[in-house]
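Student: Just dropping this structure here.
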Amino acid sequence: MISGMIDAAGLRVMKAIADEGSFTGAALSLGYSQPAISQMVRRLEQRTGTVLVERVGRNVRLTEAGQVLARHAVAVLSALDAAEEEVAAIAGLRAGRVRLMAFPSSSATLVPRALALVKQRFPDVQVTFTEGEPPESLAALKAGECDLAVAFAYEGTDVGRGEEDMDLFVTHKLLDDEVRLALPRTHPLADRDGIELSALATENWIAGCPRCRGHLLQMCANEGFTPNVGFETEDYVAVLGLVAEGLGVALIPDLILRTANHHDVVTLPITPSSRRTISVVTTADLQRVPAVQATIDALCEAAKAKPRVLASN
């Protein structure tokens, strides 16, 4: 048997012949010429290796093999029509699903606003969201487990941090995020306008995710000391609580300070300055999916919203 011997066009012809009882009727119902119907039947008979239509005077009737094709045509063509409608709905943003993965500090700021924009503009598009730090989210994108990854990279590094196959990804910059020093309000240096990182060489430090911890260690090494990291947590609300109780100092991005604050914590600019770039990452193929592009646009718009730093100085 020849693989792919039956196509949708052939099935439509067989069903039309069964419904109309003649080549002429089938041609009229499908909008073809009668010779074209005859040619399509001959081609299908050649592919299947059997007679499908028996001529009886001016009329025709299907052979047993032709009846089999006509019977299956109903279900096959119905499924194809349904598939075409679903694809058309997705292309027209009347349906579709986008799987978004983003690092925790963006899930309280950029992500909610972007999701709200997508829901407002395209209510039939479903965006699902899970949290994941850049190594995890980029691995998920590469594995096809998500469609978009919101990731970050500190100055001097890229989003991939040396990971393989980064050339498969398309990256859209969302914003530059300044990093500040968080001190207890009772700290002797809390009343300054800014502070040299080297002045904190003897402090206890609170570190975050592995990528943030690596950045802290590198910055301190550049200033000639190794920080004493007493606590590690990826929960920035917990970081603020630890700082407020005088248990250590920490570096906190402005993105966090848009939604989290603590009355007993002061945030100051540091020297040398530090910032990270926040981006949304996808693939070239996924970017052509209308719902994915709509979500990228929403993230870009959310990133442009005027930041509002809540932590008091």
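Going by the numbering used here, the sequence shown opens with residue 5, and the numbers climb by one from there. Glycine included, each C-beta is placed from N, C-alpha and C at the ideal position.
Which term fits residue 84, buried or exposed, when burial requires 16 or more other beta carbons within 10 angstroms of its beta carbon?
Tutor: Locating residue 84 in the sequence shown gives position 80, counting from the first residue. Exposed is the call here.
Student: With a threshold of 7 Å on Cβ separation, who are the neighbours of residue 297 within its own chain once the five nearest residues in sequence on each side are excluded?
Tutor: In the sequence shown, the residue the question calls residue 297 occupies position 293. The answer, listed in chain order, is 291.
Student: When DSSP builds the beta bridges, which residues end up paired with residue 180?
Tutor: Numbered from 1 along the sequence shown, position 176 holds the residue referred to as residue 180. DSSP lists 281 as partners of residue 180.
Student: Just to confirm my understanding: we take residue 214, look at its own chain, exclude 5 residues before and 5 after, and list those with CB closer than 8 Å. What are they?
Tutor: As a working mapping, residue 214 is identified with position 210 in the sequence shown. Closer than 8 Å at Cβ, skipping near neighbours: 137 and 139.
Student: Please go through the same chain and pick out, in chain order, the residues whose beta-carbon is closer than 6 Å to the beta-carbon of residue 144, but skip the five residues on each side of it.
Tutor: Taking the sequence shown and counting its residues from 1, one reaches residue 144 at position 140. Correct list, in chain order: 105 and 150.
Student: Look up residue 275 in the DSSP assignment and give the residues it is bridged to.
Tutor: Along the sequence shown, read from residue 1 onward, the residue named residue 275 stands at position 271. BP columns for residue 275 point to 200.
Student: I need the straight-line Cα distance from residue 195 to residue 260, nearest angstrom please.
Tutor: Translated into the one-based positions of the sequence shown, residue 195 becomes position 191. Translated into the one-based positions of the sequence shown, residue 260 becomes position 256. Distance between the alpha carbons of residue 195 and residue 260 is about 22 Å.
Student: Across the region 248 to 267 and the region 176 to 189, are there enough close Cβ pairs to call them in contact, namely three or more that are closer than 8 Å?
Tutor: Output reads yes: the region 176 to 189 touches the region 248 to 267.
Student: When the Cα atoms are used, what is the spatial distance from residue 98 to residue 81?
Tutor: As a first step, residue 98 is located in the sequence shown; it is residue number 94 there, counting from the start. As a first step, residue 81 is located in the sequence shown; it is residue number 77 there, counting from the start. Roughly 22 Å between the two C-alpha positions.
Student: Using 10 angstroms around the beta-carbon of residue 267, count the other beta-carbons present and answer buried if the total reaches 16, otherwise exposed.
Tutor: Taking the sequence shown and counting its residues from 1, one reaches residue 267 at position 263. Label assigned to residue 267: exposed.
Student: Can you name the start and end residues of the beta strand (DSSP E) that residue 257 belongs to?
Tutor: Sequence index remark: in the sequence shown, residue 257 carries index 253 (1-based). Residues 254 to 257.
Student: Leaving out the 5 sequence neighbours to the left and right, which residues in its chain are closer than 8 Å to residue 274 when beta-carbon positions are compared?
Tutor: By one-based count along the sequence shown, residue 274 stands at place 270. Taken in chain order, the residues that qualify are 183, 184, 185, 198, 199, 200, 201 and 255.
Student: Would the C-beta of residue 69 count as close to the ligand MN, meaning under 8 Å from any of its heavy atoms?
Tutor: In terms of ligand content, the structure shown is empty, and the ligand MN therefore cannot be addressed.
Student: Roughly how many angstroms lie between the CA atoms of residue 157 and residue 308, to the nearest whole one?
Tutor: Along the sequence shown, one-based indexing puts residue 157 at 153. Along the sequence shown, one-based indexing puts residue 308 at 304. In a straight line, the C-alpha of residue 157 is about 18 Å away from that of residue 308.
Student: Per the DSSP calculation, residue 223 is bridged to which residue(s)?
Tutor: For this step, residue 223 is matched to residue 219 along the sequence shown. Paired residues: none, contrary to the question.
Student: Per DSSP, which one or two residues make a beta bridge with residue 210?
Tutor: For the purposes of this step, residue 210 is taken as residue 206 along the sequence shown, with counting starting at 1. Answer is 235, bridged to residue 210.
Student: Over the uninterrupted beta strand (DSSP E) stretch that includes residue 152, give me the two end residues.
Tutor: The residue labelled residue 152 in the question sits at position 148 within the sequence shown. First-last of the beta strand (DSSP E) with residue 152: 152 to 158.
Student: Which residues does DSSP pair with residue 13 in a beta bridge?
Tutor: As a first step, residue 13 must be located in the sequence shown, where it is residue number 9. For residue 13, which the question treats as bridged, DSSP gives no partner whatsoever.
Student: Check whether the Cβ atoms of residue 263 and residue 113 lie closer than 9 Å to each other.
Tutor: Position 259 of the sequence shown holds residue 263. Position 109 of the sequence shown holds residue 113. Cβ distance < 9 Å, so residue 263 and residue 113 count as in contact.
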